[in-house]
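Undergrad: 737 is the number that this note's numbering gives the last residue of the sequence shown; the numbers go up by one with no jumps.
Got a structure here, written out as structure tokens. Questions coming.
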Amino acid sequence: MSTNHEISTLLRSHGLRLTPQRLAVAGLVLPRHTHVTARSVYQQLKNEHPALSMNTVYLTLGQLESCNLLNRFEINGNAVFDSNTLPHDHACCSKCGTIIDLPGAQPELPLLPTALKEWQIYGEQRIWIGLCPACIGTDG
Ligand SMILES: [Zn+2]
Ligand SMILES: [Zn+2]
Numbered sequence: 598m599s600t601n602h603e604i605s606t607l608l609r610s611h612g613l614r615l616t617p618q619r620l621a622v623a624g625l626v627l628p629r630h631t632h633v634t635a636r637s638v639y640q641q642l643k644n645e646h647p648a649l650s651m652n653t654v655y656l657t658l659g660q661l662e663s664c665n666l667l668n669r670f671e672i673n674g675n676a677v678f679d680s681n682t683l684p685h686d687h688a689c690c691s692k693c694g695t696i697i698d699l700p701g702a703q704p705e706l707p708l709l710p711t712a713l714k715e716w717q718i719y720g721e722q723r724i725w726i727g728l729c730p731a732c733i734g735t736d737g
């Protein structure tokens, strides 16, 4: 899935109307495995699409999530959208914010915490927090 035509077909097949903004957001995040926030998408697109607003980016990412084209999780209170929709864990560098995928890192589900006994749990994702190799040993 990489051409504009494929993106258009995909959006249409999910009942999403094709707008230039929607195509720009989808074209940026869907073709590759990436982790984005609404802000990072906005900053990458705002020069090319002056009519684009943060709100539109956020709504569009939410629509793509509703269509199961993106996964969403939270790190430090920020919504992160993930184009890898297979279940996987993450590691996040607390210094530079790099997020990496840990595919197949769920050998077994942990025991359900007692507080979740009444919940209907669909899955579980871990986020490992630490310093990435590039940040170890750097100042600040
Ligand atoms: Zn780092
Ligand atoms: Zn991921």
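Every residue gets a Cβ at the ideal spot worked out from N, C-alpha and C, and that includes glycine.
#1: Between threonine 682 and ligand 1, is there a pair consisting of the residue's CB and a ligand heavy atom that are separated by less than 8 Å?
#2: Under the assumption that leucine 649 contacts leucine 642 (Cβ atoms under 8 Å), give the Cβ distance between them as a whole number of angstroms.
#3: Under 9 Å, do serine 680 and leucine 728 count as touching if we go by C-beta distance?
#4: Compare the C-alpha of glutamine 575 against each of Pro730, Ala688, Asn673, Asn665 and name the closest.
#5: Could you tell me the alpha carbon to alpha carbon distance between leucine 683 and histidine 646, rounded to whole angstroms?
#6: Spell out a yes or no on whether the segment 611-626 and the segment 652-667 are touching, meaning 3 or more CB-CB pairs, one atom from each, closer than 8 Å.
TA: The relevant details are as follows:
#1: Checking every heavy atom of ligand 1 against the Cβ of threonine 682, none is found closer than 8 Å.
#2: Contact between leucine 649 and leucine 642 holds, with the beta-carbon distance rounding to 6 Å and staying under 8 Å.
#3: No, the pair does not count as a contact, with Cβ atoms beyond the cut-off.
#4: Residue 575 lies beyond the stretch modelled for the chain, which goes from 598 to 737, so this question has no answer here.
#5: Their Cα atoms are separated by approximately 31 Å.
#6: Segments in contact, yes.
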